[in-house]
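To keep things clear, I will list the structure first and then write my remarks on it.
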Amino acid sequence: MIIVLIMLPENTAPRPSRRTLIRGTLGFAALATAGPLAACGSDDTPATSETPAQSPGSGGASGGRLRLGAAGAATPTLNVLTATGMVDYIAMFSLYDSLAVLRGDQIELQLAESFEANADATEFTVGIRSDATFHDGRPCTAHDVRYSLATLADPDQSPNFSQFYSDLDVANLDVIDEHTLRIALHRPRADFVTTSLATFSMIFPADTAGEQWEEGIGSGPLRLASSSGGSYVLERNPDYWGEPAFLDEVELIAINDAETRLNALRGGEIDYAHSISPAGAAVIERDDSLAVVRGGPANSQTFALEMNVNQAPFDDPGVRLAMKLLVDREALVETVLFGQGVVGNDLMGQGLVGFNTDIPQRERDLDEARSLLETAGVSEVTLRVAELAPGMTDAATLFAEQAAEAGLTITLETADADTFFADYETLMSTPFQSVLWINRPAATFTSIFTGSAGSFNVTGMGGPEYDALLDELHSSLDEETRQVHLDEIQRELWDRGGNLLWGFAEQLDATVPGVEGITYVQSLPRLGQLRMT
6 MIIVLIMLPE NTAPRPSRRT LIRGTLGFAA LATAGPLAAC GSDDTPATSE TPAQSPGSGG
66 ASGGRLRLGA AGAATPTLNV LTATGMVDYI AMFSLYDSLA VLRGDQIELQ LAESFEANAD
126 ATEFTVGIRS DATFHDGRPC TAHDVRYSLA TLADPDQSPN FSQFYSDLDV ANLDVIDEHT
186 LRIALHRPRA DFVTTSLATF SMIFPADTAG EQWEEGIGSG PLRLASSSGG SYVLERNPDY
246 WGEPAFLDEV ELIAINDAET RLNALRGGEI DYAHSISPAG AAVIERDDSL AVVRGGPANS
306 QTFALEMNVN QAPFDDPGVR LAMKLLVDRE ALVETVLFGQ GVVGNDLMGQ GLVGFNTDIP
366 QRERDLDEAR SLLETAGVSE VTLRVAELAP GMTDAATLFA EQAAEAGLTI TLETADADTF
426 FADYETLMST PFQSVLWINR PAATFTSIFT GSAGSFNVTG MGGPEYDALL DELHSSLDEE
486 TRQVHLDEIQ RELWDRGGNL LWGFAEQLDA TVPGVEGITY VQSLPRLGQL RMT
């Protein structure tokens, strides 16, 4: 039996307002209109703002030039495999098309026209657009897609993204014809399109390597005009297969400090400041000359205190529960996020498809927390923290003060934010640490960040019984059955997991008046949709 996920009519080039999307946790439902990204989803509607942004329209280019400021990197690059700067990623998501991208509770097809799964979800056949060309004029074919996926899956070449492709059987990536690729997996993964291909599958020409990366040759709506010192000028791609970019040019300027970006916006040096602080957003709300742009739940960051369930004292479920009960979530959101966020409930995917809304919000209970800690004989712990985002150290400090009310002493151990995620061994073995994640759908999070086979399982949550639940989720092609399994997994994580997710902060950007068409993919603005009036 073949399960057809989605099939577009041959040679169709859909407009953004009519893109065919897959809705649902996996996308096997009815058809309808997402660090690196691991520490960085979006929905089909435009971002909200104090002066609401308008949805992208049709009708082609409108002209003009926009200057956007975003955080850079110590080593700027357009190498898809190793880039770390936000300004690099914003550029790359417009230079390169993906097979598909996450947009909140939906999957938007780009270079893929169709996905078909076999009966046990161990193979997917991908139909690839026949009208897409790279910026240098070469056609985009199944050979390029094969090369791209094989390269992304190679941990030696792709340290940032190989984790998403741990189940890909690279040796059996089979080019059927110029526009058809068969993907083989090591085990059933009914969620492979969502958790891997739609999470990150940028496609680049076969044999791209070395200095060729800095040419930014993709098939996206914008192409590279120039680059200098980590900043880029992108221009409209006149040969794009889909809706042309509205703007003639976008200048991407590397500005690492959030306050400096905001000052550049106020001073007229840029038109768009990506990722401002909650404090900055609170100030701009009182300034009629600027607008705050909000990403919504699909484009939010999750503030987490991660406990490794295999490391003492967090190998005791009672200690993990005590930590979840002693935290004052409301105080953290109001103080650290300046009220620019929502309280978390120790589960990823809040506000997104597949989230188990039947689980009650966990409330603070100092007496129960104190009793659990006394029973376990735990009076002090160490919390590793890095300033991965503004306020994370302040949050850890406030949490330590809250823990003291339950008789627990927390010592803060400061880590370097620049190398926090690069030090994989430490990340996976630390008993207790403060981490920043992108808010992802529950199915995506559980597949990658939990389970014995989870490639980024910082809490160590797994074991035979839990892994069996994941296997049932991964092998089921029926969406209702999958949701039953997903609800059970989320309840297990809420009861026994090592995730203390205290709050969600939506993506906060700021613009001058007249910037419209703001939509996101995984908290990054889609440059091809931006326009100025």
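According to the numbering used here, the sequence shown is numbered sequentially starting from 6. Glycine residues also receive a C-beta, built at the ideal position from the N, C-alpha and C atoms.
Beta-carbon separation (whole angstroms), residue i vs residue j, contact threshold 8 Å
{"i": "GLU240", "j": "ASP253", "result": "7 Å"}
{"i": "THR213", "j": "GLU183", "result": "Rounded, the Cβ-Cβ distance is 18 Å, inconsistent with contact."}
{"i": "LEU541", "j": "PHE425", "result": "An answer regarding residue 541 cannot be provided, because it is not within the stretch 6 to 538 covered by the chain."}
{"i": "MET397", "j": "SER439", "result": "6 Å"}
{"i": "GLY223", "j": "HIS140", "result": "6 Å"}
{"i": "ILE364", "j": "LEU377", "result": "The Cβ separation is near 20 Å, so there is no contact."}
{"i": "VAL270", "j": "VAL517", "result": "Residue 270 is actually Leu in this sequence, not Val. The Cβ separation is near 7 Å, so the contact holds."}
{"i": "ILE95", "j": "PRO530", "result": "7 Å"}
{"i": "ARG367", "j": "ASN350", "result": "6 Å"}
{"i": "GLY508", "j": "LEU337", "result": "6 Å"}
{"i": "PHE251", "j": "ARG536", "result": "4 Å"}
Nonlocal neighbours in the same chain, by C-beta distance under 6 Å from residue i, ignoring five residues either side
{"i": "GLY225", "result": "SER99, LEU100, TYR101, ASP102"}
{"i": "ASP293", "result": "none"}
{"i": "VAL255", "result": "LEU71, LEU239, LEU532"}
{"i": "ASP514", "result": "HIS279, VAL298"}
{"i": "THR87", "result": "none"}
{"i": "ALA211", "result": "HIS148, ASP149, TYR152"}
{"i": "ARG266", "result": "GLY74, ILE260, ALA278"}
{"i": "GLY321", "result": "The amino acid occupying residue 321 in the given sequence is Asp; Gly does not appear at that position. Contacts found: ALA381."}
{"i": "LEU417", "result": "LEU388, VAL390, ALA401"}
{"i": "SER457", "result": "GLY467, ASP472"}
{"i": "THR455", "result": "ASN462, MET466"}
Own chain partners of residue i with C-beta closer than 7 Å, once the 5 adjacent residues on each side are dropped
{"i": "PHE343", "result": "PRO283, ALA284, ALA287"}
{"i": "ALA203", "result": "ALA39, ALA105, VAL106, LEU107, ILE112"}
{"i": "SER201", "result": "PHE169, TYR170"}
{"i": "ALA263", "result": "SER280, ILE281, SER282, GLY285, PRO395"}
{"i": "GLN316", "result": "PRO436"}
{"i": "THR380", "result": "GLY323"}
{"i": "GLU55", "result": "Note that GLU55 has pLDDT 47, beneath the 50 cutoff, so the model's placement of it is unreliable and the number below is only indicative. Only GLU290, ALA296, VAL297 meet the Cβ criterion."}
{"i": "ALA422", "result": "ALA391, GLU392, LEU393"}
{"i": "LEU229", "result": "LEU100, GLU220, GLY221, TYR237, LEU239"}
{"i": "PRO144", "result": "THR138"}
{"i": "TYR429", "result": "none"}
{"i": "ALA374", "result": "ALA327, LEU330, LEU331, ALA411"}
{"i": "ALA155", "result": "VAL175, LEU178"}
N-terminal and C-terminal residue of the alpha helix (DSSP H) that residue i is part of
{"i": "PHE308", "result": "Note, PHE308: premise wrong, no alpha helix (DSSP H); beta strand (DSSP E) at 305-312."}
{"i": "LEU403", "result": "397-409"}
{"i": "ALA78", "result": "Looking at the DSSP string, ALA78 is not in any alpha helix (DSSP H), and its letter there is neither H nor E."}
{"i": "ALA96", "result": "91-100"}
{"i": "ARG375", "result": "371-381"}
{"i": "VAL324", "result": "322-331"}
Contact under 8 Å by Cβ, residue i with residue j
{"i": "GLY300", "j": "ARG445", "result": "no"}
{"i": "MET91", "j": "ALA79", "result": "no"}
{"i": "PHE308", "j": "ALA400", "result": "yes"}
{"i": "PRO193", "j": "SER460", "result": "no"}
{"i": "LEU190", "j": "LEU178", "result": "no"}
{"i": "GLN534", "j": "GLY359", "result": "no"}
{"i": "LEU314", "j": "GLU335", "result": "Note that residue 314 corresponds to Val in the displayed sequence, not to Leu. No, they are not a contact pair."}
{"i": "GLN306", "j": "LEU441", "result": "yes"}
{"i": "LEU475", "j": "THR449", "result": "no"}
{"i": "PHE129", "j": "VAL180", "result": "no"}
{"i": "LEU413", "j": "VAL386", "result": "yes"}
{"i": "VAL463", "j": "GLU216", "result": "no"}
{"i": "THR89", "j": "TRP218", "result": "no"}
Where the beta strand (DSSP E) containing residue i begins and where it ends
{"i": "ALA120", "result": "The residue asked about is misnamed: residue 120 is Phe in this sequence, not Ala. 117-122 is the extent of the beta strand (DSSP E) around PHE120."}
{"i": "THR340", "result": "Note, THR340: premise wrong, no beta strand (DSSP E); alpha helix (DSSP H) at 334-341."}
{"i": "ALA230", "result": "227-233"}
{"i": "LEU114", "result": "111-114"}
{"i": "GLY356", "result": "First-last for GLY356: undefined, no H or E at that position."}
{"i": "THR127", "result": "No beta strand (DSSP E) holds THR127; DSSP gives it neither H nor E."}
{"i": "ALA105", "result": "105-108"}
{"i": "VAL390", "result": "385-390"}
Cβ-based neighbour list, residue i, same chain, cut-off 8 Å, excluding 5 preceding and 5 following
{"i": "VAL150", "result": "LEU104, LEU116, VAL131, ILE133, LEU186, ILE208"}
{"i": "PHE205", "result": "LEU42, SER103, LEU157, PHE166, PHE169"}
{"i": "GLU410", "result": "LEU331, LEU371"}
{"i": "ARG369", "result": "LEU330, LEU331, VAL332, ASP333, ARG334"}
{"i": "ARG496", "result": "ASN361, ILE364"}
{"i": "PRO243", "result": "PRO249"}
CB contact below 8 Å: residue i versus chain C
{"i": "TYR471", "result": "The chain inventory of the structure shown lacks chain C, comprising one protein chain alone."}
Residue i beta carbon near the ligand GDP (any heavy atom closer than 7 Å)
{"i": "TYR152", "result": "Absent from the structure shown: the ligand GDP. Ligands present: none."}
Entirely enclosed alpha helix (DSSP H) segments - the region 415-443, minimum 4 residues: 429-434
Please give the ranges of any alpha helix (DSSP H) in the region 434-517, keeping only runs that are unbroken, at least 4 residues long and fully inside the region. 447-454, 469-480, 484-501
Can you give, in chain order, each stretch of the beta strand (DSSP E) that sits fully within the region 236-296 and has at least 3 residues? 236-241, 254-259
Enumerated in chain order, which unbroken segments of the beta strand (DSSP E) with a length of 3 residues or greater are wholly contained in the region 148-192? As far as the region 148-192 is concerned, its whole beta strand (DSSP E) runs of at least 3 residues are 179-182, 185-189.
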